[in-house]
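Student: Each residue of the sequence shown is one higher than the one before, counting from 18 in our numbering.
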Amino acid sequence: MKLILKLASYLFHPLWMPFAGSLFYFLFIPRYFPGEIIKAKLLAIAIITIFIPVVFHFLLKNLGKVRNIFLEKVEERKWPLFFFVLLSFMVLNQILNIYNYPGLYYYFVGILISSVITYILTWFRIKPSLHMVGMAGLLMFVAGFCIYFRLYFIYTISFLIIATGLTASSRLYYKAHSNWEIVLGLLTGLIPQLVVFNFWFTEYRMSDLFLR
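(1) I believe I115 touches Y124 by the beta-carbon criterion, under 8 Å. Please report the beta-carbon distance rounded to the nearest angstrom.
(2) Could you check the C-alpha separation between G182 and L22 for me, to the nearest Å?
(3) Across the region 102-114 and the region 124-135, are there enough close Cβ pairs to call them in contact, namely three or more that are closer than 8 Å?
(4) Compare the C-alpha of M18 against each of Y191, E198, F41, F214 and name the closest.
(5) What is the DSSP secondary structure of V133, counted as helix, strand or coil?
(6) Under three-state DSSP, which class holds A25?
(7) Contact between the region 160-177 and the region 49-62 is defined here as three or more beta-carbon pairs at a separation below 8 Å; is this criterion met?
(8) Judging by CA-CA distance, which residue of L60, E53, H194, W140 is the nearest neighbour of A231?
(9) What's the call for V72, buried or exposed, on a 16-neighbour Cβ count within 10 Å?
(10) Pop quiz: T184 and M152 are said to be a contact at Cβ under 8 Å. What is the actual Cβ separation, rounded to whole angstroms?
(11) Could you give the DSSP three-state label for M18: helix, strand or coil?
(12) Hey, which unbroken runs of the alpha helix (DSSP H) at 4 residues or more fall wholly within the region 45-123?
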């Protein structure tokens, strides 16, 4: 059981969540995108949201600003979160546009809002679980995606719910967070996605559905 909980902390690390949502979007959206476009977008998103943050993490680690990838102390979170906010802006301005990829665009808007909230909380020495922020955001995005396109990915949503619970158990087991920080992280990830989904659902419904 210890091994499973340890693996959950790595497999469901928030660093993977933006790319995981992007991959899900392009794999299952019921409209056509050229394969070259999909590969280019996914590669760009992977570079910006995974590769660059990893390089930045090792830079901070060499400078003694962080100890590990889990950013256990509040002080360790400020620079990585601020940098990730800038990277999220880059994805929204350079990689995606609201007209061709409204669902994915709004997913990253939700990620940006969650990142800004989490960053602001660090200045008040409040440490919501970043794992919960990422998992809750992805879960809400997938659920919203299924509602929007009237798809029934029951097993996928069930898996994400179980994964979210397992990740929460992992963070509590290793005493990385308190119960309150787990709940706060869950709300910080879920509520922004719920808000932006409302815009996607009402403003861009017909633009996506007529291409189904």
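In this text, a Cβ means the ideal position worked out from N, Cα and C, and glycines have one as well.
All of these numbers come straight from a predicted model, not from anything done at the bench.
Tutor: A quick look at the data gives this:
(1) About 12 Å separates the two Cβ atoms, so there is no contact after all.
(2) 11 Å
(3) yes
(4) Y191
(5) helix
(6) helix
(7) no
(8) Not covered by the structure: residue 231. The range shown for the chain is 18 to 229.
(9) exposed
(10) 6 Å
(11) coil
(12) 52-63, 69-79, 91-107
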